[in-house]
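Residue numbers (our numbering): 598 to 965.
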Ligand SMILES: [Zn+2]
Ligand SMILES: [Zn+2]
């Protein structure tokens, strides 16, 4: 690779993406320079572009889940499995880094996704510090970043197609504690919801009900493992019709588990109603503040003896489990979530397409 490296920079919310050259970094011991193979534009990037996430140090190089080939490693560098990482290896990395391991969130509460020191490639790493994002021809992996070799059996398009949504879904499945034979409702058929459907299926759910739009995404939800599709939007199902459909599928009880991956305030009251008494509701789609949700705590929570859990971010174990799942289940069409490839100079179009929900996710090929 040359001495100057091309990257796409988000300078501020609502501003056009700019192409800039960055110097090739000097690597300290334990660092890696990755020649980027593929990165992504996901819903989070649209939120970043809208300025809807707090604490983002613009300008940034977005692209938090990415894959590449090791161009240089200032050794010795070891992967998360303890094996050496060498030049030429096809690798992926866990985008969360600098989790401190010492604060109360990390040690006392064991909730490292709430560690205040935690930083995320492409989201909370400033471009002023260098190549900390996947919308670039190279990514600087600082010492301590969790690196893993991408298993030979895993196609690049499946890894990035699953991407951050798959990592989040692994965490959701853990929080949801899906049991064999459960009926699971998934609200939302974006990248997170689609992956959650696939994981509910391999976790042993007997029936999976997907709620969302548009029709093309519901068709993909079916390919990911959903049995019943309930379309949102005018002219599609009503709230009451969706509730009745879930009751009809569950002996009139409601779903054992409801997963919210919609990110809409109105989804919460509906989700509470779709869960059976004593069931579980995992809320993971409200990654940004979309406002208040109106609920009736007596009817919808207390009297139902309902369990409600939030789910924030992911940990290294979710990253590694995602790799194992991809390796074991090549038939799940994660690649179809990443509908189109875009070059670095096309990322304004990619953001516009993701914003308009024309695609669940865009793939970024910085060499195109
Ligand atoms: Zn911490
Ligand atoms: Zn993402």
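Even for Gly, the Cβ is constructed at its ideal location relative to N, Cα and C.
Pull up the distance between the alpha-carbon of residue i and that of residue j, whole angstroms please.
{"i": "residue 855", "j": "residue 867", "result": "10 Å"}
{"i": "residue 689", "j": "residue 744", "result": "6 Å"}
{"i": "residue 804", "j": "residue 741", "result": "41 Å"}
{"i": "residue 667", "j": "residue 825", "result": "43 Å"}
{"i": "residue 888", "j": "residue 861", "result": "9 Å"}
{"i": "residue 869", "j": "residue 932", "result": "32 Å"}
{"i": "residue 782", "j": "residue 899", "result": "20 Å"}
{"i": "residue 711", "j": "residue 721", "result": "14 Å"}
{"i": "residue 770", "j": "residue 797", "result": "7 Å"}
{"i": "residue 755", "j": "residue 749", "result": "12 Å"}
{"i": "residue 660", "j": "residue 759", "result": "14 Å"}
{"i": "residue 624", "j": "residue 736", "result": "12 Å"}
{"i": "residue 863", "j": "residue 628", "result": "45 Å"}
{"i": "residue 724", "j": "residue 633", "result": "16 Å"}
{"i": "residue 875", "j": "residue 644", "result": "34 Å"}
{"i": "residue 732", "j": "residue 685", "result": "20 Å"}
{"i": "residue 774", "j": "residue 853", "result": "10 Å"}
{"i": "residue 895", "j": "residue 905", "result": "14 Å"}
{"i": "residue 812", "j": "residue 728", "result": "38 Å"}
{"i": "residue 606", "j": "residue 935", "result": "21 Å"}
{"i": "residue 713", "j": "residue 654", "result": "15 Å"}
{"i": "residue 687", "j": "residue 956", "result": "27 Å"}
{"i": "residue 679", "j": "residue 923", "result": "20 Å"}
{"i": "residue 753", "j": "residue 961", "result": "12 Å"}
{"i": "residue 560", "j": "residue 878", "result": "The displayed coordinates of the chain run from 598 to 965. Any statement about residue 560 would go beyond what the structure contains."}
{"i": "residue 948", "j": "residue 913", "result": "28 Å"}
{"i": "residue 946", "j": "residue 677", "result": "36 Å"}
{"i": "residue 646", "j": "residue 849", "result": "43 Å"}
{"i": "residue 836", "j": "residue 851", "result": "14 Å"}
{"i": "residue 611", "j": "residue 909", "result": "25 Å"}
What distance in whole Å lies between the Cβ atoms of residue j and residue i, which are believed to be in contact at a cut-off of 8 Å?
{"i": "residue 600", "j": "residue 621", "result": "5 Å"}
{"i": "residue 706", "j": "residue 915", "result": "Actually they do not touch by this definition, with Cβ atoms about 18 Å apart."}
{"i": "residue 809", "j": "residue 843", "result": "Wrong, their Cβ atoms sit about 14 Å apart, outside the cutoff."}
{"i": "residue 940", "j": "residue 951", "result": "The pair is not a contact, with the Cβ atoms about 15 Å apart (cut-off 8 Å)."}
{"i": "residue 965", "j": "residue 938", "result": "6 Å"}
{"i": "residue 637", "j": "residue 757", "result": "5 Å"}
{"i": "residue 658", "j": "residue 730", "result": "3 Å"}
{"i": "residue 791", "j": "residue 818", "result": "6 Å"}
{"i": "residue 662", "j": "residue 920", "result": "No, residue 662 and residue 920 are not in contact; Cβ-Cβ is about 12 Å, not under 8 Å."}
Here's a check: name, in chain order, each residue in its chain whose Cβ is nearer than 7 Å to the Cβ of residue i, leaving out the five neighbours to either side.
{"i": "residue 765", "result": "789, 881 and 911"}
{"i": "residue 847", "result": "780 and 873"}
{"i": "residue 716", "result": "694, 695 and 722"}
{"i": "residue 652", "result": "721"}
{"i": "residue 840", "result": "870 and 871"}
{"i": "residue 630", "result": "622, 624, 668, 669, 735 and 737"}
Would you mind sorting residue i into buried or exposed? The rule is 16 or more other CB atoms within 10 Å of its CB.
{"i": "residue 699", "result": "exposed"}
{"i": "residue 784", "result": "buried"}
{"i": "residue 845", "result": "exposed"}
{"i": "residue 641", "result": "buried"}
{"i": "residue 761", "result": "buried"}
{"i": "residue 598", "result": "exposed"}
{"i": "residue 953", "result": "exposed"}
{"i": "residue 858", "result": "buried"}
{"i": "residue 703", "result": "buried"}
{"i": "residue 830", "result": "exposed"}
{"i": "residue 664", "result": "buried"}
{"i": "residue 626", "result": "exposed"}
{"i": "residue 883", "result": "buried"}
What does a CB cutoff of less than 6 Å around residue i pick up in its chain, not counting 5 residues either side in sequence?
{"i": "residue 930", "result": "820"}
{"i": "residue 739", "result": "628"}
Are there any heavy atoms of ligand 2 lying less than 7 Å away from the beta-carbon of residue i, as far as the coordinates show?
{"i": "residue 761", "result": "yes"}
{"i": "residue 942", "result": "no"}
{"i": "residue 662", "result": "yes"}
Following a CB-centred definition, is residue i positioned closer than 7 Å to any heavy atom of ligand 1?
{"i": "residue 698", "result": "yes"}
{"i": "residue 639", "result": "no"}
{"i": "residue 913", "result": "no"}
{"i": "residue 714", "result": "yes"}
{"i": "residue 702", "result": "yes"}
{"i": "residue 625", "result": "no"}
{"i": "residue 656", "result": "no"}
{"i": "residue 709", "result": "yes"}
Excluding the 5 residues preceding and the 5 following residue i in the sequence, name in chain order all residues of the same chain whose CB lies nearer than 8 Å to its CB.
{"i": "residue 892", "result": "865, 866, 869 and 898"}
{"i": "residue 681", "result": "672, 673, 674 and 675"}
So, does the CB of residue i fall closer than 8 Å to a CB anywhere in chain C?
{"i": "residue 718", "result": "Among the chains in the structure shown there is no chain C, since it carries only a single protein chain."}
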